[in-house]
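Asker:
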Amino acid sequence: LLKTGVRAPIKEGLILLSIAGGGEAVAERVSSLGPSTPLLFYLVLFSGLLACLLIAAQVRAAALRWSYASLLAVSAFLLDSYERITGDHLTYDAFINMVNSAGFAGDALRQHGEPIAWSLLISLLLFLGIALKPRTEWGLPALLRVSAPLAGLATLSLILFARDGEGARGLPAAFTPLAYSIILAYENQSGPAVGRRDVTLRPASSPRGDIVLIVDESVGGHYLDINSPTGARSGLAVRRPGIAIHNYGHAASITNCSVGTNVTLRYGGTRADYHRINGSMPSIWRYAKKAGLRTVYIDGQRTGGQRHNLMTAEELRDVDLFVQFDTVAVRDRDIAAADKLAEILGNRTAEFVLVNKVGAHFPVHDKYPDEYMRYRPVLPRGRYTAISDTGSRAGFGGAQEDWLRYRNAYRNTLGWNVGAFFDRLFERASLSGATLIYTSDHGQDLHERGNPGRSTHCSSDPVIEEGIVPLVVVEGAEARTLDWGQHLAANRNRQSHYAVFPTLLEIMGYRREDVRALYGPSLVEPSQDDFTFNARFNARLGKKPVWIPIDIRKIAVAPESRASAERSRSSDGS
Ligand SMILES: [Zn+2]
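First residue of the sequence shown: 309, per my numbering; consecutive thereafter.
#1: Who are the Cβ neighbours of Glu786 in its own chain at under 6 Å, not counting the five residues just before and after it?
#2: Skipping 5 residues on each side, what residues in its chain have a beta carbon closer than 6 Å to that of Leu322?
#3: Output the boundary residues of the beta strand (DSSP E) element that contains Ser748.
#4: Assign Val407 to buried or exposed, taking buried as 16 or more other Cβ atoms, counted over all protein chains shown, within 10 Å of its Cβ.
#5: Take every Cβ of the segment 550-569, pair it with every Cβ of the segment 747-761, and state whether three or more of those distances are shorter than 8 Å.
#6: How far does the beta strand (DSSP E) with Tyr531 in it extend, from its first residue to its last?
#7: How would you write the range of the beta strand (DSSP E) that Tyr692 sits in, first residue to last?
#8: Taking C-beta to C-beta, are Ala646 and Val636 nearer than 8 Å?
#9: Could you check which residue in Val672, Arg656, Ala621 has the C-alpha nearest to that of Ile897?
#10: Take every Cβ of the segment 543-563, pair it with every Cβ of the segment 835-855, and state whether three or more of those distances are shorter than 8 Å.
#11: Are the CB atoms of Ile363 and Leu448 nearer to each other than 8 Å?
#12: Between which residues of its own chain and Ala717 is the CB-CB distance below 7 Å, once the five residues before and five after are set aside?
#13: Count the other C-beta atoms from every protein chain shown that fall within 10 angstroms of the C-beta of Gly411, then say buried if there are 16 or more, exposed otherwise.
#14: In the DSSP output, which residue or residues are listed as bridge partners for Asp607?
#15: Tell me whether Glu774, by its Cβ, gets closer than 7 Å to a heavy atom of ligand 1.
#16: Tell me which residue opens and which closes the alpha helix (DSSP H) that Phe349 is part of.
#17: Taking all protein chains shown into account, do 16 or more other C-beta atoms lie within 10 angstroms of the C-beta of Asn496, making it buried, or fewer, making it exposed?
#18: Tell me the DSSP secondary structure of Val273 in three-state form.
#19: Restricting to Cα atoms, I'd like to know which of Pro480, Ile430, Asn725 is closest to Arg337.
#20: With a threshold of 16 other CB atoms inside 10 Å of the CB of Asp518, please say whether the residue is buried or exposed.
#21: Please determine if the segment 527-534 and the segment 809-822 are in contact, where contact requires at least 3 C-beta pairs separated by less than 8 Å.
#22: Report yes if the C-beta distance between Asn725 and Ala668 is below 8 Å; otherwise report no.
#23: With distances taken between CB atoms, is the gap from Leu468 to Ile491 smaller than 8 Å?
#24: Quick check on the burial criterion: 16 or more other C-beta atoms within 10 angstroms. Buried or exposed for Pro442?
#25: For Glu783, name the three-state secondary structure that DSSP assigns.
#26: Would you say the beta carbon of His750 is closer than 7 Å to some non-hydrogen atom of ligand 1?
#27: Apart from the five residues on each side of it in sequence, which residues of its chain come closer than 8 Å, Cβ to Cβ, to Arg610?
#28: Do Leu386 and Pro457 have their C-beta atoms within less than 8 Å of each other?
#29: Spatial neighbours of Glu445 within its chain, please: CB distance less than 8 Å, with the 5 preceding and 5 following residues excluded, ordered by chain position.
#30: Any idea if Arg656 is buried or exposed, counting beta-carbon neighbours within 10 angstroms, 16 or more meaning buried?
#31: What are the partner residues of Gln752, as DSSP defines its beta bridges?
#32: Count the other CB atoms, across all protein chains shown, that sit within 10 Å of the CB of Thr345; report buried if there are 16 or more and exposed otherwise.
#33: Quick check on Pro457: does DSSP put it in helix, strand or coil?
#34: From Gly761 to Tyr676, what does the alpha carbon distance come to, in whole angstroms?
#35: Residues in its own chain within less than 6 Å of Ala545 by CB, not counting five upstream and five downstream?
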């Protein structure tokens, strides 16, 4: 077979079969674009890349054809296995994370044997389709045959580069990881070659108690009872003995996607200069250690030592204790996090703790126990118990009736992953000397206005609710860190994530003036915040961020959820 080659359409058939293996992503992209100019653009690009694969299979020089086949098949395998395992589209950010966590490939292989077997099959089909000797000649010029795959790759790389790494969803898997590699190599080459700086500030005093930053996942600030009369129970709206709860109301998130917000919360990027600061300044862990604190990272979202949100192995070296919950069900991980946090607050060491909660990311079907089903009707139960978060919207239609169910399931999830979390924490933890800052990474578009689509966040053209998060400071009676009360009323509904990093540094004992010069004002200073969030966080190639202003008078409310809650209560009672 290797010597004699195969006739058409065997090679073409193998290539098309491998493409059909990624058909679900294509269908999703087509349905999310709808009839539009971008759809036309996508279809042209898809067909062009497919043609490049078919032409690559016509290369006569065996060595070159086999090299193309190997590269394209490995690339297809990377993308296909990633999307099968995570149920999520491989974005450029996710690709960088994958490169950074290449050490976990062995774990992935063991844990996800079946999806990986499918990906192997699909990439093998592609490999054979290109590599086998072609016996049917198309009569294409030699130059075209040799250059087609390179031209396809170059075109895709330029398009993805111009679009900040976005837009590859549903394209032939063989090209996307290769294009990402080219962009990454270019960025590494052209970026400022500075290493990360160490802490230059000196703490003026040393913190006496624990300092905790709790970053929730996908919790819209306007869906909690602290900010809305119809909000779900947060556990933060009731008085608690021995602690003060300072609510900053609706706050603006850094961006409407998890990675950008989380990395900026850890590195202190400002609106004007976040690329440089996030890329070259010290992490929050470094500042904590210089202030004499032990560092703890509690991550409810990933397992098996996997890192996310652009956390590097180098960054993790500054974490003294790294906690994940490999054996705890997704539904119960936030409660486990509350227990772990209570344990850490109870030891006699002063610590900085960062918590990444499970929160309320899609899917929310199964993120709460039956006893917390306060709002009905809900999304069907039982199919998503093992999924912390996914970009896949499989099994969710996105019609208005689906969104009504989604909002109810979402409120129930908040009641459990926020309400029961804080109930548990306040019940078990000794908070007397501690200061907690609670927020979420971004808000949610729950389609209250009837706008179409199935996504909840990370939109490039977001509604304001994607950028609205809760922002609350919880202070133990003996903490006495900053004067939280002085500008609290004036700063309510006027603060943003950008004030969190400088606030943490101030609590750690760094001087306000020093901190402000590098990172801007903290929460306790009169707010001058723009009250916007960034819809283009990965702005590259001279592109500018897109700042979305939030007008809180325009926040969408969902009265039907409330009504259905009352209906379900009255039907329960009858
Ligand atoms: Zn998120």
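Here a beta-carbon is modelled for each residue, glycine too, at the ideal position from N, C-alpha and C. In this text the structure is predicted, and so the values were computed from the model without any measurement.
Answerer: Reading from the atomic positions:
#1: If you number the sequence shown from 1, residue 786 lands on position 478. Only Ser740, Gly741 meet the Cβ criterion.
#2: Looking up residue 322 in the sequence shown gives position 14. Excluding sequence neighbours, Leu322 sits near Leu433, Leu436, Gly437.
#3: In the sequence shown, residue 748 corresponds to position 440, counting from 1. From DSSP, the beta strand (DSSP E) with Ser748 extends over 743-748.
#4: Position 99 of the sequence shown holds residue 407. Label assigned to Val407: exposed.
#5: Taking 8 Å as the limit for Cβ pairs, the verdict is that the segment 747-761 does touch the segment 550-569.
#6: Counting from one through the sequence shown, the residue named residue 531 turns up at place 223. That residue, Tyr531, is in no beta strand (DSSP E); it is neither H nor E in DSSP.
#7: Locating residue 692 in the sequence shown gives position 384, where the first residue counts as 1. Note, Tyr692: premise wrong, no beta strand (DSSP E); not H, not E.
#8: Looking up residue 646 in the sequence shown gives position 338. Looking up residue 636 in the sequence shown gives position 328. No; because the gap between Cβ atoms is not below 8 Å, this pair is not in contact.
#9: The chain is shown from 309 up to 882; residue 897 falls before or after that span and cannot be answered.
#10: yes
#11: Residue numbering aside, residue 363 sits at position 55 when the sequence shown is read from its first letter. Residue numbering aside, residue 448 sits at position 140 when the sequence shown is read from its first letter. Between Ile363 and Leu448, the CB-CB gap stays under 8 Å.
#12: Here residue 717 refers to the residue found at position 409 of the sequence shown. So the list reads Val672, His673, Val686, Leu687, once near-sequence residues are dropped.
#13: Here residue 411 is taken as the residue at index 103 of the sequence shown, counted from 1. In this predicted model, Gly411 has a pLDDT of only 48, less than 50, meaning its place in the structure is not dependable; the value taken from the coordinates is given anyway. By the 10 Å Cβ count, Gly411 comes out exposed.
#14: Along the sequence shown, one-based indexing puts residue 607 at 299. According to DSSP, which records beta bridges pairwise, Asp607 is partnered with Gln632, Asn664.
#15: Position 466 of the sequence shown, counting from 1, holds the residue named residue 774. Checking every heavy atom of ligand 1 against the Cβ of Glu774, none is found closer than 7 Å.
#16: Here residue 349 refers to the residue found at position 41 of the sequence shown. Taken as a continuous stretch (DSSP letters only), the alpha helix (DSSP H) holding Phe349 covers 345-364.
#17: Here residue 496 is taken as the residue at index 188 of the sequence shown, counted from 1. Exposed, by the Cβ-count rule.
#18: The requested residue 273 does not occur in the structure, where the chain is confined to residues 309 to 882.
#19: Here residue 337 corresponds to residue number 29 of the sequence shown, with the count starting at 1. For Arg337, the closest of Pro480, Ile430, Asn725 by C-alpha to C-alpha distance is Pro480.
#20: The count along the sequence shown starts at 1 and reaches residue 518 at position 210. The residue is buried, with at least 16 neighbouring Cβ atoms inside 10 Å.
#21: Not touching, per the Cβ criterion.
#22: Translated into the one-based positions of the sequence shown, residue 725 becomes position 417. Translated into the one-based positions of the sequence shown, residue 668 becomes position 360. Cβ distance < 8 Å, so Asn725 and Ala668 count as in contact.
#23: Counting from 1 along the sequence shown, the entry for residue 468 is found at position 160. Counting from 1 along the sequence shown, the entry for residue 491 is found at position 183. Contact: yes.
#24: Here the question's residue 442 lines up with position 134 in the sequence shown. With 16 or more other Cβ atoms within 10 Å, it is buried.
#25: Along the sequence shown, one-based indexing puts residue 783 at 475. Three-state result, Glu783: strand.
#26: To locate residue 750, count along the sequence shown from 1; it is residue 442. Yes - ligand 1 has a heavy atom lying nearer than 7 Å to the Cβ of His750.
#27: Position 302 of the sequence shown holds residue 610. Within the same chain, Arg610 has close Cβ partners His616, Gln632, Ser696.
#28: Looking up residue 386 in the sequence shown gives position 78. Looking up residue 457 in the sequence shown gives position 149. No, the Cβ-Cβ distance between Leu386 and Pro457 is not below 8 Å.
#29: As a position in the sequence shown, residue 445 is number 137, starting the count at 1. Cβ neighbours of Glu445 beyond the five flanking positions: Gln366.
#30: The residue labelled residue 656 in the question sits at position 348 within the sequence shown. Result: exposed.
#31: The residue labelled residue 752 in the question sits at position 444 within the sequence shown. BP columns for Gln752 are empty, so no partner.
#32: Residue 345 sits at position 37 when you count from the first residue of the sequence shown. Per the 10 Å Cβ criterion, exposed.
#33: Position 149 of the sequence shown, counted from the first residue, corresponds to residue 457. Note: Pro457 maps to helix in three-state DSSP.
#34: Sequence index remark: in the sequence shown, residue 761 carries index 453 (1-based). Sequence index remark: in the sequence shown, residue 676 carries index 368 (1-based). C-alpha separation (whole angstroms): 24 Å.
#35: Counted from its first residue, the sequence shown places residue 545 at position 237. Asp533, Ile534.
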